[in-house]
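I have placed the structure first, in the form of structure tokens, so that the comments after it can refer back to it.
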Amino acid sequence: MGPESEAVARVLSAIGEEDFGRLLAALVTRFRDFDLAEEALHDAVLRAVETWPGRGVPERPQAWLMATAKNRAIDLIRADEVRTRHLARLRIEDELRPGDHDDHAVRLSEEMDAADIPDERLGLFFTCSHPTLRVDERLVLILRFLSGLTTAEVAAGFLVETAAMQQRIVRAKRRILKTGIPFGRPAPDELSDRLPGVLRVLSLIFTQGMNATAGPDHTRVDLQEESIRLTRLLVGYLPAETEARGLLALLLLTRARDPARVAPDGLPVPLADQDRSLWDSRLITEGTGLVGAAAGEPGAGAYTIQAAIAALHTDAARFADTDWRQILVLFRMLSDIEPTPVVALNTAIALGKVSGPEAAMGALDELADEPHLLRHRPYHIARAITLEELGRTAEAEDAYAASLACPGNDAESEYITARITDSQR
Amino acid sequence: MKYALLLMGRTDDPECGEDGGADPSEFMAFDKEITEAGIVVGGFALEGPELGVRVSESGGEPLVTSGPFAESNEFVGGSYVIEVADIDEAIAWAKKSPGARAGHIEIRPVADY
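These protein sequences, in sequence, are chains A and B.
Under the working numbering, the first residue of the first sequence carries the number 193, and numbering increases by one thereafter.
Under the working numbering, the first residue of the second sequence carries the number 32, and numbering increases by one thereafter.
This is the structure:
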């Protein structure tokens, strides 16, 4: 690589992921077409690599790339009849007379050149989490277009082949285009209705990173980091939204405990046995600060409550110091908002810590008809541990065996097998 | 974007049809509102599925049968074709329609060939 192209590489890398994502979001939103935006931006970068060494790096490389990508997009539109018709549906269509697409494109380019690069990423969060998309499509669209992960990286995060992920992304982009899913920031009254859907996608990305449901690795660090980064970005746009900050706190406090969740041999370590000195105090400080503020606000909901529960765990210097009474109060509040079987399971576990194994067993038995829990490993493990505490070892072994029959990753299976061996000694 | 709002009913649903369901005046009021909004570009209301006639092919021979058709209990009762900015607007109109309570409304983007 010569010194000039090295300079270009430097400038391109100086633009950075952050601005690159911003450029892509602005193009996608302007043209309401992911494929067109990607192709245009890709071509603009190639053009920069060709021309910058000879003519010098422009003063505002981002604006240069934006203008070049827009021009390229308009060329692509002109060359494609279907896209021309799609363009005619953009907001300025009233100005368009039949057979007038070229003039229209020129006007469009002038109009856009005058504008600075708008930050459209908030709107893109809502487009990519639109309720008419399938849940799996929402996750991959956010990762692909707001995290800027490559298709191969997204595929690795979901343990699927790159080609299969490519197909999923193509389908999702097609659905956005053909269904007419809107682009841009929703109106303020719609925004609060739609925000929970966006937060849910971000939390699912984190969960995907935390508990791979199949395969050898118990942790998947990248997707956790991505979801924290994305949630932080969203909080920056919507600082007044309590639940957005509550989710960020929850993710930070969960992430903080990650280094202690897995032993060097790869087996998961239960909370009671974790080496708390391994917990990330920087993340705990940030998460605790966020939840401290959010918990007192009227907008506090399920994420803020879960973050408050996580903060009670990180507050305890030792497992024995855990304030289970307060945790039980919070789980009961959570049950009122989200009466799901998994919340009921956690409430039963907290009840056991406060009132003893018999109370826990009673609560767990009440959940025995929940079909979701019967396929949920933590339910059977909670039963097994409670049965052990009650001295009902034979039933405990059955419960461990039932947990192994549920879906889960290999590291968990090994851990459970080891516990069965222990209990047989 | 053009969307078809398909007003769907079920033959086995006693709430649906002439004996029950949404009051015809509710449908009239909705029709007035959506028409006055200036977004309707087409549409139709259908007689019941028992008056339907099916044309198909069986063993290479054309086959004509008349309703009612026992094997399918979901039917299209009518449709609006509307032209609005995006799916959110189409969903908002579907939510307003009494058809969403009496049966359900399926929104289908009109193909753009």
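Positions of the beta carbon are idealized from the N, C-alpha and C atoms, including for glycine.
In this structure ALA487 (chain A) does not touch ASP467 (chain A) by the C-beta definition: roughly 28 Å separates them, more than the 8 Å allowed. The straight-line gap separating the alpha-carbon atoms of VAL84 (chain B) and ARG275 (chain A) is approximately 40 Å.
In the assembly as shown, MET32 (chain B) is a buried residue. Its beta-carbon has 16 or more other beta-carbons within 10 Å. Not one beta carbon of chain B lies nearer than 8 Å to the beta carbon of THR221 (chain A). Residues of the segment 66-83 of chain B with a C-beta less than 7 Å from any C-beta of chain A: none at all. Look at GLU88 (chain B) here: in three-state DSSP terms it is strand. In the three-state reduction of the DSSP assignment, MET525 (chain A) falls in the helix class.
Listed as beta-bridge partners of PRO93 (chain B) by DSSP are B:GLU88. One Cα belongs to ALA218 (chain A), the other to GLN254 (chain A), and the distance between them is close to 12 Å. Annotation: GLU251 (chain A) to TRP244 (chain A) spans about 11 Å, alpha carbon to alpha carbon. Within chain B, the C-beta atoms nearer than 7 Å to that of GLY372 (chain A) come from MET32, ASP117, ILE118, PRO140, in chain order. Closer than 8 Å to the CB of THR319 (chain A) there is not a single CB belonging to chain B. Between PRO374 (chain A) and THR319 (chain A) a beta carbon distance of about 7 Å is seen, short of the 8 Å cut, so the two are scored as contacting. Below the 7 Å Cβ cutoff, chain B contributes ILE118 as neighbours of THR324 (chain A), in chain order. ALA594 (chain A) sits in a helix when the DSSP states are folded into three classes. With fewer than 16 neighbouring CB atoms inside 10 Å of its own CB, VAL86 (chain B) falls in the exposed class.
LEU559 (chain A): not part of any beta strand (DSSP E); DSSP gives it neither H nor E.
In the structure shown, GLU102 (chain B) adopts coil according to DSSP, grouped into three states.
When the five nearest sequence neighbours on each side are left out, the beta carbons in the same chain lying within less than 8 Å of the beta carbon of ILE118 (chain B) are those of MET32, TYR34, ILE138, PRO140, in order along the chain. Assigned with DSSP and collapsed to three states, GLY73 (chain B) falls in strand. No Cβ-Cβ contact shorter than 8 Å links GLY438 (chain A) with VAL390 (chain A). Take LEU314 (chain A), set aside five residues on each side of it, and the residues of its chain with a beta-carbon closer than 7 Å to its own are ARG377, TYR429, in chain order. A straight line joining the alpha-carbon of PRO80 (chain B) with that of GLU418 (chain A) spans about 52 Å. Counting C-beta atoms within 10 angstroms of its own C-beta, MET59 (chain B) has fewer than 16 neighbours from the protein chains shown and is therefore classed as exposed. Annotated as distal: ILE309 (chain A) and MET357 (chain A), with beta-carbon spacing of 8 Å or more. Inter-residue distance for TYR571 (chain A) and ALA116 (chain B) is about 47 Å (C-alpha atoms, whole angstroms). Beta-bridge annotation (DSSP): ALA35 (chain B) is paired with B:VAL112, B:ARG139.
Taking VAL241 (chain A) as reference, the option from A:TRP256, A:ARG224, A:ALA574, A:HIS505 with the minimal CA-CA separation is A:TRP256. With contacts defined as CB atoms closer than 8 Å, GLY40 (chain B) and ALA133 (chain B) qualify as a contacting pair. With a beta-carbon spacing of about 6 Å, LEU459 (chain A) and GLU606 (chain A) fall inside the 8 Å limit used to define contacts.
In the DSSP assignment, SER473 (chain A) falls within the alpha helix (DSSP H) that extends over 473-486.
Closest in alpha carbon position to ASP590 (chain A), among A:LEU443, A:ILE577, A:VAL249, A:ASP561, is A:ILE577. Under the Cβ criterion (8 Å, minimum of three pairs), the segment 101-114 of chain B counts as touching the segment 69-76 of chain B.
By the Cβ test, the segment 221-238 of chain A is in contact with the segment 259-267 of chain A, since at least three Cβ pairs between them sit closer than 8 Å. Between the segment 352-368 of chain A and the segment 315-335 of chain A, the count of C-beta pairs closer than 8 Å reaches three or more; the two stretches touch.
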